[in-house]
Structures are given as C-alpha cells and as structure tokens.
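When the letters of the sequence shown are read in order and numbered with our numbering, they come out as residues 16 to 435. Since the structure comes first, as structure tokens, the remarks are kept for the end.
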Amino acid sequence: MRTIIHGATVITRVDDRVIERGDVSIEHGIITAVNDTAQMHRESGDDVVDAHGLVLLPGLINMHDHIARKRLRLNEPGVRYKDQSDRLMREPNEYLALHTARNLADHLHSGVTTVRDFGLPGATALAARKAVEQEVIAGPRIFTGGDPIAITGGHATNWGAQAADGTEDVVRAVRRSILTDKVDVVKFMASGGLGTYPEEDPGVPELTYEELAAGISTAHQFHRPTAAHAYSTQAILNAVQAGIDTVEHGAFMNEEAQQLMVERGTAHVPTISGLIAIGYQLQLIGQEVLGRQILDDVIARLLESVRMSADHGIPLATGTDTSGEIVEELELIAQATGWAPERALGAATDVAADILGQPIGRIRSGHRADLLLVDGDPTQDLEALRRPVSVFARGRVFAGRPAPLGVRVKMLRGIEGAAR
C-alpha cells in the first residue's frame, strides 16, 4: 500500500526547496514522489495522512550517542554523573538492553530517525541494530561503532572500551571490530574525557598519532568511516593528521587543526548539549566550583571551536552524547555560529546525511522515508521540533512525543525538578 502525506508544508532540504502545500508518497519505506498537492495523483487504495497546517521535514540525525546510557541525562538527584555512569556500566548487558530499547523509543517518537551510536557497551547497540532492522523493536536506524578503541586504562575503558596499545594491537582491535563485531564505524579515544573530570584530564592525548594512523588506515581498508573522541589541541591534530573522518567534541581547536580539517574534508560533531549538561548537573548537586570550571574552561572553548568550524566551512553535525538532547544541540550550534534556524537545521538533516553517506536527510524521490511532521516551522523557530506530531521511520508511522528536556534547559526555564 502506498502512503501519501497530504497537504503539509514540505521542507525538502534540497536546493532550498519548500513546497507550501505538498504531498509526499511512500512505498516500501522509500519516498517515491514529492509534489505540490495539485500535482499528486491519489488512488482509492492509498493510505492518506492529512497533514494540513503541519510542517514536514526529514527525520533528525543524531551523529553521536550512547543509546544504552541515554537515561543518564535525566539525572538522579544528588548523584554525580560519573557515579551514575559507573553504576550503570556495572549492570549486566541484559539490563542495559532494556535501557537501550527505552532510549531508542524516546529517540524515535521525538523525531530522531537515525542515530550513530558509540557503544559503552557495544554489544547492546549491535543487538539493537539487528532488532530494529528486523522490526523486533521500534527505533531509529542505527550505525554503531561497538566498543571504541582506547589505550590501557584510558578514557572509557572502565565503561566498556577495548584497550589496545601499540600499532599492532590497535590494528587487531580494528579488525576485530569490523570483521567479528560487524561495526559500521570505528571510534578511537584520542584524549581523556570530560565526564570523568577531574580524575581524568580531557586535555591529555591518549592514543598516539602512530596508533591512530594504523587504526584509521585499517578501518578505511575495510571501507569503514572513523571518528575520534578528541578534546585537546594535540589530540585533534593527531587524529586529523592520521586521517580521521569526524572529530567528536573537539573543544580545543586551533587554526592549524581547522586548516587541516578543511584540507582533508574532516567534519566536526561537537556534542555541546551533552557536555554542557555535565557542568550544570555538577552545580545542581552542590559542586558549583567544579561545574563552573567545566562551563568556563571547556564549554566556552568548545563554543569558540564550533564558531571557528563554521567560519572555515567545516561540516558541523548534531550529536548529543549521553547527556544531551538534539533540539538543544541545534539551538546551541545556532547560538555558537550565529546561524539562522534554517541553516542550523542542516546539522541534523542533510549535512549529517552527507557525512554518513546515506540517502536520508532530504525529502526527495528515491531517499529513505525517514520523516518528521511537526506543529510549527523549525526554519523560523527550532522550538517547533519539540512539537512532533508524527514520525515516519522506514515508511512506518509513529506517534510523536517530545524528548525529555535536558538539565540545562530545565534550569534555564525554571522548571521544578531539574535534577530529574
């Protein structure tokens, strides 16, 4: 049966084309036609979705998440994020699989139709990818990195990252990830992290240039894209010089790193909403000094790095990490870059799709029918994305419901219970 979404304002993300009253037809999970309402031929057997007065856009793409851990962003009152994370990661995979299913449902119903997952632990995401593909559970498309690769004792090894030391060990880990685990993308921990600060210093490089170069070239040999968790300037330089495809976080960019990224076509996934939440959460539980230090020393630099990426024409894409939320991420990207909502929206649609190399992120014939119907125009106000009416994933329709607000947005809006 053909589905026709009828009468919506259609934001195609193709050559700035907006159809004021448009019809989009879907068959077997693929968009088959995009036309003005008057030009679409409808047949008696069609399933017609009345979308008059609503806005249709491509489903949102989250380029950096950890879907087994996503409930952490709701925050347990009085408990530090790191302690919550440590405790959750000690749970058996069976329990984490249930977290994953719930988190995927939240993603889907809020309008996220594709998520790039970076594991922790990776087995849950690998199983979830299969379950979604086989329609055992409902969820977004999943591109997963399984367990990321780190040095012994390095960032996230206590949460499930696989330790590898030296070029030969790293190459083995990459091959294992691709050939045994069947990952879609390989992630490398090029520096320390923020979620464990101050016990761990995000400014310290971890995997070396030589280790990164060996791992990245191996991943590319098997036609897998690569991503690097990198905060410090040296870690970013190591990763970009080694050939990484996306820099995740990238807080302490400099001009040299930016120029290299331009030359090599490297993209930037800053995950602002996920990182800023850590600082706010610390303030909520009474660690004001540490929380303010993160906001002033790391987040301020991250926002500047995002502005620099925009100024250099480096592709920017939305990623929420564990603690963030995608609409907040778009708002923060717009704030950092000075972009209007229409331009910022690309970070979660067509720009992200181009980084993935997938036929999503645009409403055009032949693309996958991953779509979002909202009440309001997000090209004028991104807040409209928090009013999802219906979500189409692989052509199937799901009821829309807003994602839980992040701790920062709750605090800024004066919502009681911000710590929950």
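We put the beta carbon where it would ideally sit given N, CA and C, even for glycine.
If you look at Ile251, you'll find it in the alpha helix (DSSP H) that goes 248–256. Counting only unbroken stretches of 4 or more residues, the alpha helix (DSSP H) elements lying wholly within the segment 284–333 are 287–299, 303–308, 315–326, in sequence order.
CA-CA distance, Phe158 to Ala243, rounds to 15 Å. One alpha carbon belongs to Gln296, the other to Thr333, and they sit about 21 Å apart. Judged by DSSP secondary structure, Leu275 falls outside any beta strand (DSSP E) and instead within the alpha helix (DSSP H) spanning 270–279.
Among the bridge pairs identified by DSSP, Ala66 is matched with none. Here Met55 carries a coil assignment [DSSP, helix/strand/coil].
Here Gly134 is buried, its C-beta having at least 16 other C-beta atoms within 10 Å. Between the beta-carbon of Arg377 and that of Arg105 there is about 42 Å, and that puts the pair past the 8 Å contact cut.
Excluding five sequence positions before and after Trp354, the CB atoms of its chain that fall closer than 8 Å to its own CB belong to Ala325, Ile348, given in chain order. The Cβ neighbour count for Thr195, taken over all protein chains shown within 10 Å, is under 16; the residue is labelled exposed.
For Pro155 against Leu123, the beta-carbon gap comes to about 5 Å, under 8 Å, which counts as contact. Collapsing the DSSP output to three states places Lys197 in coil. Taking the C-beta atoms as reference points, Gly289 is found no nearer than 9 Å to Gln298. In the DSSP annotation of this structure, the continuous segment of the alpha helix (DSSP H) that includes Ser125 starts and ends at 108–125. In this structure, Ala153 sits near Ala120, with a CB-CB distance shorter than 9 Å. For Thr337, there is no enclosing beta strand (DSSP E), as DSSP marks it with neither H nor E. Inside the segment 364–431, DSSP marks whole alpha helix (DSSP H) runs of 4 or more residues at positions 365–371, 422–428, from first to last along the chain. Looking only at Lys85, Gln177, Ala228, Gly137, the smallest Cα-Cα distance to Ile341 is reached by Lys85. Under the DSSP assignment, Arg36 falls in the beta strand (DSSP E) whose first and last residues are 33–42.
The residue from Val39, Asn77, Ile164, Ser125 with its alpha-carbon nearest to that of Gly137 is Ile164. For Leu222, the three-state secondary structure derived from DSSP is coil. The alpha-carbon separation between Ala116 and Leu371 amounts to approximately 23 Å.
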